[in-house]
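Just so we're aligned: 215 in our numbering is position 200 of the sequence shown, and the numbers increase by one with no gaps anywhere. Glycine residues also receive a C-beta, built at the ideal position from the N, C-alpha and C atoms. As the structure is a prediction and not an experimental result, all values here were calculated from the model.
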Amino acid sequence: MAAIFLSVASLTTSVQANYWGSCNDCCPDVTVGVDWLYWSPCASDRHFALTTEGIDSEVNVKTHYLCDEWDSGVRVYGKLGNLWNGFNGGLIYTYINPKTSGSVEQIGNNGVVFSFGLPIPEEGRGLLQGSRLDAKWELQYQTLDAILSYSIDVTQNRCFKIEAFSGLTWVDVKQKASYTLDQVGGNEIEIRVDFDRNNDFWAIGPCFGLNTSFRFCDCFNIFGLVKTSLVVGESKNKDVIYGTRGSSETSTFVTVTAKDKCFCFPGLHLATGIDYELCLCNITLDLRLGWEYVQWINAPTFPYYELDGLGVRSAPSTNDLTMQGIFLGLNTTF
(Lines of atoms letter the chains of each structure in order from A and count residues from 1; the text may use other names and numbers.)
(Lines give C-alpha, C1' and ligand atoms only; values in the text may rest on other atoms or scores of the structure.)
Protein backbone atom coordinates (compact mmCIF):
# COMPACT_ATOMS: atom_id res chain seq x y z
CA MET A 1 0.00 0.00 0.00
CA ALA A 2 0.88 3.26 0.18
CA ALA A 3 3.16 3.48 1.71
CA ILE A 4 6.89 2.71 1.26
CA PHE A 5 9.26 1.93 1.37
CA LEU A 6 14.25 2.76 3.26
CA SER A 7 16.81 6.54 4.70
CA VAL A 8 18.43 6.11 3.63
CA ALA A 9 16.73 4.56 1.33
CA SER A 10 18.92 2.16 2.33
CA LEU A 11 22.20 3.41 2.07
CA THR A 12 24.60 1.45 3.73
CA THR A 13 23.59 -0.38 6.59
CA SER A 14 25.89 -2.93 7.47
CA VAL A 15 27.81 -2.08 4.54
CA GLN A 16 29.19 1.09 5.77
CA ALA A 17 29.14 0.20 9.30
CA ASN A 18 31.75 -2.43 9.28
CA TYR A 19 33.70 -2.84 6.18
CA TRP A 20 34.54 0.83 5.95
CA GLY A 21 36.79 0.61 8.95
CA SER A 22 38.29 -2.75 9.77
CA CYS A 23 40.91 -3.70 12.34
CA ASN A 24 42.42 -6.12 9.89
CA ASP A 25 45.63 -4.89 8.31
CA CYS A 26 45.77 -7.48 5.56
CA CYS A 27 43.00 -5.83 3.54
CA PRO A 28 44.08 -3.85 0.50
CA ASP A 29 41.82 -1.40 -1.26
CA VAL A 30 38.82 -2.92 -3.04
CA THR A 31 35.71 -4.26 -1.27
CA VAL A 32 32.63 -5.78 -2.94
CA GLY A 33 29.66 -7.31 -1.18
CA VAL A 34 25.99 -8.25 -1.18
CA ASP A 35 23.31 -8.22 1.53
CA TRP A 36 20.09 -10.20 1.67
CA LEU A 37 17.33 -8.05 3.18
CA TYR A 38 14.22 -9.24 4.99
CA TRP A 39 12.14 -6.13 5.67
CA SER A 40 8.62 -5.22 6.61
CA PRO A 41 7.10 -1.92 5.39
CA CYS A 42 5.18 0.10 7.93
CA ALA A 43 2.82 2.97 7.13
CA SER A 44 -0.26 4.56 8.62
CA ASP A 45 -3.62 4.83 6.82
CA ARG A 46 -3.56 1.24 5.56
CA HIS A 47 -7.35 0.92 5.87
CA PHE A 48 -9.43 0.03 2.81
CA ALA A 49 -12.96 -1.06 3.83
CA LEU A 50 -15.78 -0.44 6.31
CA THR A 51 -18.46 -2.88 7.43
CA THR A 52 -21.33 -2.36 9.86
CA GLU A 53 -23.15 -4.62 12.26
CA GLY A 54 -26.36 -4.09 14.21
CA ILE A 55 -29.47 -2.02 13.62
CA ASP A 56 -31.00 1.26 14.79
CA SER A 57 -28.90 2.82 17.55
CA GLU A 58 -26.69 -0.25 18.05
CA VAL A 59 -24.66 0.05 14.87
CA ASN A 60 -20.99 -0.89 15.08
CA VAL A 61 -18.61 0.18 12.32
CA LYS A 62 -15.52 -1.95 11.73
CA THR A 63 -12.47 -0.73 9.79
CA HIS A 64 -10.43 -3.26 7.81
CA TYR A 65 -6.71 -2.83 7.19
CA LEU A 66 -4.03 -4.25 4.95
CA CYS A 67 -1.48 -6.22 6.97
CA ASP A 68 2.24 -5.47 6.83
CA GLU A 69 4.02 -8.40 5.19
CA TRP A 70 7.70 -9.36 5.22
CA ASP A 71 9.54 -9.48 1.89
CA SER A 72 13.06 -10.12 0.65
CA GLY A 73 15.31 -7.58 -1.04
CA VAL A 74 18.93 -7.14 -2.02
CA ARG A 75 21.73 -4.64 -1.56
CA VAL A 76 24.99 -4.66 -3.51
CA TYR A 77 27.93 -2.38 -2.85
CA GLY A 78 31.52 -1.63 -3.67
CA LYS A 79 34.22 0.41 -1.96
CA LEU A 80 37.56 1.79 -3.06
CA GLY A 81 39.82 2.42 -0.06
CA ASN A 82 42.51 5.08 0.18
CA LEU A 83 41.05 6.88 -2.78
CA TRP A 84 42.81 10.13 -1.95
CA ASN A 85 44.56 11.39 1.22
CA GLY A 86 42.89 8.78 3.40
CA PHE A 87 39.43 9.22 1.87
CA ASN A 88 37.39 6.20 0.77
CA GLY A 89 34.74 6.09 -1.95
CA GLY A 90 31.78 3.76 -2.29
CA LEU A 91 28.54 2.97 -4.13
CA ILE A 92 25.54 1.20 -2.56
CA TYR A 93 22.41 0.06 -4.41
CA THR A 94 19.30 -1.24 -2.62
CA TYR A 95 16.16 -2.85 -4.05
CA ILE A 96 13.04 -4.34 -2.44
CA ASN A 97 9.52 -5.03 -3.74
CA PRO A 98 7.07 -5.69 -0.85
CA LYS A 99 3.44 -6.64 -1.54
CA THR A 100 0.30 -7.27 0.49
CA SER A 101 -3.42 -7.87 -0.04
CA GLY A 102 -6.70 -8.11 1.84
CA SER A 103 -10.35 -9.01 1.29
CA VAL A 104 -13.65 -8.32 3.04
CA GLU A 105 -17.03 -9.89 2.31
CA GLN A 106 -20.39 -9.07 3.86
CA ILE A 107 -23.67 -10.11 2.28
CA GLY A 108 -26.81 -8.22 3.29
CA ASN A 109 -28.31 -4.77 3.54
CA ASN A 110 -25.23 -3.22 5.14
CA GLY A 111 -22.66 -4.55 2.69
CA VAL A 112 -19.09 -3.28 2.32
CA VAL A 113 -17.99 0.27 1.47
CA PHE A 114 -14.65 1.95 0.81
CA SER A 115 -13.05 3.51 3.88
CA PHE A 116 -11.84 6.52 1.85
CA GLY A 117 -13.28 8.93 -0.68
CA LEU A 118 -13.22 8.22 -4.41
CA PRO A 119 -13.17 10.83 -7.20
CA ILE A 120 -16.51 9.79 -8.66
CA PRO A 121 -19.44 12.02 -9.76
CA GLU A 122 -22.54 12.18 -7.60
CA GLU A 123 -24.59 10.01 -9.96
CA GLY A 124 -22.11 7.17 -9.55
CA ARG A 125 -21.79 7.16 -5.77
CA GLY A 126 -24.53 4.59 -5.37
CA LEU A 127 -22.15 2.06 -6.91
CA LEU A 128 -19.70 2.33 -4.01
CA GLN A 129 -21.41 -0.24 -1.79
CA GLY A 130 -21.09 -3.93 -2.50
CA SER A 131 -20.86 -7.43 -1.13
CA ARG A 132 -17.13 -7.99 -1.45
CA LEU A 133 -14.07 -5.72 -1.58
CA ASP A 134 -10.60 -6.95 -2.55
CA ALA A 135 -7.48 -4.81 -2.11
CA LYS A 136 -3.87 -5.16 -3.26
CA TRP A 137 -0.85 -2.96 -2.58
CA GLU A 138 2.68 -3.08 -3.97
CA LEU A 139 5.82 -1.01 -3.41
CA GLN A 140 8.88 -0.94 -5.65
CA TYR A 141 11.69 0.73 -3.73
CA GLN A 142 15.26 1.39 -4.85
CA THR A 143 18.07 3.68 -3.78
CA LEU A 144 21.58 4.48 -4.91
CA ASP A 145 24.18 6.11 -2.66
CA ALA A 146 27.52 7.60 -3.68
CA ILE A 147 29.62 7.99 -0.53
CA LEU A 148 32.93 9.61 0.43
CA SER A 149 34.18 8.64 3.90
CA TYR A 150 37.10 9.39 6.23
CA SER A 151 38.21 7.56 9.39
CA ILE A 152 38.62 9.61 12.57
CA ASP A 153 41.12 8.36 15.14
CA VAL A 154 39.80 9.74 18.43
CA THR A 155 40.83 7.03 20.90
CA GLN A 156 44.22 5.72 19.68
CA ASN A 157 42.51 2.32 19.84
CA ARG A 158 42.94 0.22 16.71
CA CYS A 159 39.90 -1.88 17.48
CA PHE A 160 37.49 1.03 17.84
CA LYS A 161 36.78 2.97 14.67
CA ILE A 162 34.66 6.02 13.92
CA GLU A 163 34.12 7.05 10.34
CA ALA A 164 32.33 10.12 9.04
CA PHE A 165 30.80 10.04 5.58
CA SER A 166 28.81 12.22 3.22
CA GLY A 167 27.60 11.99 -0.33
CA LEU A 168 24.49 11.84 -2.49
CA THR A 169 21.39 9.70 -2.05
CA TRP A 170 18.94 8.92 -4.86
CA VAL A 171 15.60 7.29 -4.06
CA ASP A 172 12.94 6.02 -6.46
CA VAL A 173 9.59 4.73 -5.19
CA LYS A 174 6.64 3.34 -7.15
CA GLN A 175 3.44 2.51 -5.27
CA LYS A 176 0.49 0.65 -6.76
CA ALA A 177 -2.88 -0.08 -5.19
CA SER A 178 -5.93 -1.74 -6.72
CA TYR A 179 -9.41 -2.23 -5.29
CA THR A 180 -12.27 -4.32 -6.68
CA LEU A 181 -15.81 -3.92 -5.31
CA ASP A 182 -18.40 -6.49 -6.37
CA GLN A 183 -22.18 -6.18 -6.08
CA VAL A 184 -23.55 -9.72 -6.14
CA GLY A 185 -27.08 -10.68 -7.16
CA GLY A 186 -27.88 -14.34 -6.62
CA ASN A 187 -24.75 -16.23 -7.62
CA GLU A 188 -23.59 -13.71 -10.20
CA ILE A 189 -21.70 -10.43 -10.09
CA GLU A 190 -24.10 -7.72 -11.25
CA ILE A 191 -21.76 -4.72 -10.98
CA ARG A 192 -18.00 -4.55 -10.52
CA VAL A 193 -16.16 -1.31 -9.69
CA ASP A 194 -12.36 -1.19 -9.97
CA PHE A 195 -10.17 1.57 -8.55
CA ASP A 196 -6.52 1.51 -9.68
CA ARG A 197 -3.98 3.87 -8.13
CA ASN A 198 -0.37 4.72 -9.02
CA ASN A 199 1.95 7.00 -7.07
CA ASP A 200 5.55 7.43 -8.27
CA PHE A 201 8.25 9.71 -6.95
CA TRP A 202 11.99 10.14 -7.17
CA ALA A 203 14.32 12.46 -5.27
CA ILE A 204 18.01 13.17 -4.82
CA GLY A 205 19.99 15.06 -2.21
CA PRO A 206 22.91 15.10 0.23
CA CYS A 207 23.42 12.57 3.01
CA PHE A 208 25.60 12.64 6.13
CA GLY A 209 26.38 10.09 8.80
CA LEU A 210 28.69 8.12 11.06
CA ASN A 211 29.85 4.51 11.11
CA THR A 212 31.32 2.86 14.19
CA SER A 213 33.03 -0.50 14.60
CA PHE A 214 34.38 -2.17 17.74
CA ARG A 215 36.28 -5.45 17.87
CA PHE A 216 35.35 -7.16 21.14
CA CYS A 217 37.22 -10.43 20.50
CA ASP A 218 39.23 -12.15 17.79
CA CYS A 219 37.52 -11.76 14.40
CA PHE A 220 34.21 -10.45 15.86
CA ASN A 221 33.03 -6.84 15.58
CA ILE A 222 29.99 -4.85 16.65
CA PHE A 223 29.05 -2.12 14.20
CA GLY A 224 26.56 0.71 13.99
CA LEU A 225 25.34 3.27 11.48
CA VAL A 226 23.47 6.58 11.72
CA LYS A 227 22.62 8.40 8.52
CA THR A 228 20.44 11.39 7.65
CA SER A 229 19.55 12.80 4.27
CA LEU A 230 17.54 15.60 2.70
CA VAL A 231 16.24 15.02 -0.81
CA VAL A 232 14.39 17.07 -3.43
CA GLY A 233 12.42 15.61 -6.32
CA GLU A 234 9.08 15.24 -8.05
CA SER A 235 6.04 12.98 -7.84
CA LYS A 236 3.11 12.02 -10.03
CA ASN A 237 -0.22 10.30 -9.39
CA LYS A 238 -2.77 8.58 -11.59
CA ASP A 239 -6.11 7.24 -10.32
CA VAL A 240 -8.57 5.43 -12.59
CA ILE A 241 -12.09 4.21 -11.76
CA TYR A 242 -13.82 1.88 -14.19
CA GLY A 243 -16.71 -0.53 -13.95
CA THR A 244 -18.47 -3.48 -15.49
CA ARG A 245 -22.23 -4.14 -15.41
CA GLY A 246 -23.10 -7.78 -15.93
CA SER A 247 -21.47 -9.14 -19.07
CA SER A 248 -21.05 -5.73 -20.72
CA GLU A 249 -17.67 -4.26 -21.59
CA THR A 250 -15.66 -2.39 -18.99
CA SER A 251 -16.06 1.39 -19.14
CA THR A 252 -13.96 4.11 -17.53
CA PHE A 253 -15.78 6.44 -15.13
CA VAL A 254 -13.02 8.78 -14.00
CA THR A 255 -9.31 9.35 -14.60
CA VAL A 256 -7.45 11.74 -12.30
CA THR A 257 -3.80 12.72 -12.79
CA ALA A 258 -1.60 15.05 -10.75
CA LYS A 259 2.06 16.01 -10.66
CA ASP A 260 4.23 17.82 -8.13
CA LYS A 261 7.46 19.03 -9.72
CA CYS A 262 9.17 20.12 -6.52
CA PHE A 263 8.99 18.69 -3.03
CA CYS A 264 11.50 18.15 -0.23
CA PHE A 265 11.61 15.68 2.65
CA PRO A 266 14.19 14.19 5.06
CA GLY A 267 15.29 10.61 5.59
CA LEU A 268 16.74 8.59 8.46
CA HIS A 269 18.68 5.31 8.43
CA LEU A 270 19.81 3.34 11.50
CA ALA A 271 21.62 0.00 11.56
CA THR A 272 23.44 -2.19 14.05
CA GLY A 273 24.76 -5.72 14.07
CA ILE A 274 27.66 -8.10 14.46
CA ASP A 275 30.15 -9.45 11.94
CA TYR A 276 32.78 -12.14 11.68
CA GLU A 277 36.00 -11.33 9.81
CA LEU A 278 38.38 -13.88 8.34
CA CYS A 279 41.65 -12.97 6.61
CA LEU A 280 43.24 -15.38 4.14
CA CYS A 281 46.53 -14.11 2.75
CA ASN A 282 45.56 -10.92 0.90
CA ILE A 283 41.81 -11.55 0.89
CA THR A 284 39.42 -10.72 3.73
CA LEU A 285 35.98 -12.33 4.05
CA ASP A 286 33.37 -10.64 6.20
CA LEU A 287 30.01 -12.15 7.23
CA ARG A 288 27.47 -9.75 8.76
CA LEU A 289 24.12 -10.07 10.51
CA GLY A 290 22.12 -7.12 11.79
CA TRP A 291 18.95 -5.05 12.05
CA GLU A 292 18.16 -1.77 10.33
CA TYR A 293 15.49 0.89 10.20
CA VAL A 294 14.79 3.20 7.25
CA GLN A 295 12.33 6.09 7.24
CA TRP A 296 11.39 8.78 4.74
CA ILE A 297 9.48 11.46 6.61
CA ASN A 298 6.47 13.10 4.91
CA ALA A 299 7.12 11.35 1.61
CA PRO A 300 4.52 11.71 -1.17
CA THR A 301 1.70 9.17 -1.27
CA PHE A 302 -1.76 8.72 -2.80
CA PRO A 303 -3.94 11.87 -2.69
CA TYR A 304 -7.08 12.08 -0.58
CA TYR A 305 -10.49 12.86 -2.07
CA GLU A 306 -13.25 14.70 -0.26
CA LEU A 307 -16.87 15.27 -1.26
CA ASP A 308 -17.44 18.95 -2.00
CA GLY A 309 -21.12 19.52 -2.63
CA LEU A 310 -21.96 17.74 -5.87
CA GLY A 311 -18.30 17.46 -6.82
CA VAL A 312 -15.10 15.97 -5.49
CA ARG A 313 -12.07 17.80 -4.18
CA SER A 314 -8.60 16.27 -4.03
CA ALA A 315 -5.66 17.24 -1.85
CA PRO A 316 -2.00 16.17 -2.06
CA SER A 317 -0.99 13.86 0.74
CA THR A 318 2.20 12.82 2.49
CA ASN A 319 2.99 9.94 4.77
CA ASP A 320 6.00 8.43 6.52
CA LEU A 321 7.45 5.59 4.45
CA THR A 322 9.11 3.27 6.94
CA MET A 323 10.78 -0.11 6.63
CA GLN A 324 12.60 -2.19 9.21
CA GLY A 325 14.02 -5.66 9.39
CA ILE A 326 17.13 -7.82 9.31
CA PHE A 327 19.96 -8.27 6.85
CA LEU A 328 22.53 -10.98 6.23
CA GLY A 329 25.55 -10.16 4.11
CA LEU A 330 28.92 -11.25 2.82
CA ASN A 331 31.72 -9.11 1.41
CA THR A 332 35.28 -9.65 0.35
CA THR A 333 38.22 -7.25 0.37
CA PHE A 334 41.25 -7.77 -1.84
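{"query": "Any beta strand (DSSP E) of 3 or more consecutive residues that is wholly inside the segment 183-228", "result": "none"}
{"query": "Q155 versus T184, N313, F229 and K191, residue with shortest Cα-Cα distance", "result": "K191"}
{"query": "Counted within 10 angstroms of its Cβ, other Cβ atoms place S228 as buried (16 or more) or exposed", "result": "buried"}
{"query": "With 16 other Cβ atoms within 10 Å as the buried cut-off, status of G340", "result": "buried"}
{"query": "Three-state secondary structure (DSSP) of Q121", "result": "coil"}
{"query": "Helix, strand or coil at N97 [DSSP, three-state]", "result": "strand"}
{"query": "Secondary structure, beta strand (DSSP E): runs of 3+ residues fully inside the segment 232-296", "result": "235-260 and 266-295"}
{"query": "Simplified DSSP assignment, three categories, for N112", "result": "coil"}
{"query": "Rounded Cβ spacing between K151 and N213 (contact assumed at less than 8 Å)", "result": "With a Cβ gap of about 13 Å, K151 and N213 do not count as contacting."}
{"query": "Candidates N334, G93 and G344, of which the one nearest L13 by Cα", "result": "There is simply no residue 13 to check, as the chain begins at 16 and stops at 349 in what is shown."}
{"query": "Range of the contiguous beta strand (DSSP E) that encloses S59", "result": "Run containing S59: none; DSSP gives neither H nor E here."}
{"query": "Reduced DSSP category for F175 - H, G, I as helix; E, B as strand; rest coil", "result": "strand"}
{"query": "Pairwise C-alpha distance: V241 and Y113", "result": "A small correction: the amino acid at residue 113 is Pro; Tyr does not occupy that position in the sequence shown. Approximately 24 Å between the Cα atoms of the pair."}
{"query": "Run of the beta strand (DSSP E) containing S351, from where it starts to where it stops", "result": "Past the edges of the chain, shown from 16 to 349, lies residue 351, and the structure says nothing about it."}
{"query": "Nonlocal neighbours in the same chain, by C-beta distance under 7 Å from L98, ignoring five residues either side", "result": "G104"}
{"query": "Candidates S55, K77 and D50: closest to F2 by CA position", "result": "Residue 2 lies beyond the residue range present for the chain, which begins at 16 and ends at 349; the question has no answer from this structure."}
{"query": "N-terminal and C-terminal residue of the beta strand (DSSP E) that F129 is part of", "result": "V127 to F129"}
{"query": "Start and end residues, beta strand (DSSP E) containing V76", "result": "N75 to Y80"}
{"query": "Pairwise C-alpha distance: E84 and G69", "result": "32 Å"}
{"query": "CA-to-CA distance, D335 to S59, given in whole angstroms", "result": "8 Å"}
{"query": "Outcome for W54 when other beta-carbon atoms lying within 10 angstroms are tallied against a minimum of 16", "result": "buried"}
{"query": "Residues bridged to D301 (per DSSP)", "result": "E292 and N346"}
{"query": "For D44, the three-state DSSP class (helix, strand or coil)", "result": "coil"}
{"query": "Sequence-distant residues of the same chain with beta carbon closer than 7 Å to D44, five excluded per side", "result": "L95, G96 and N97"}
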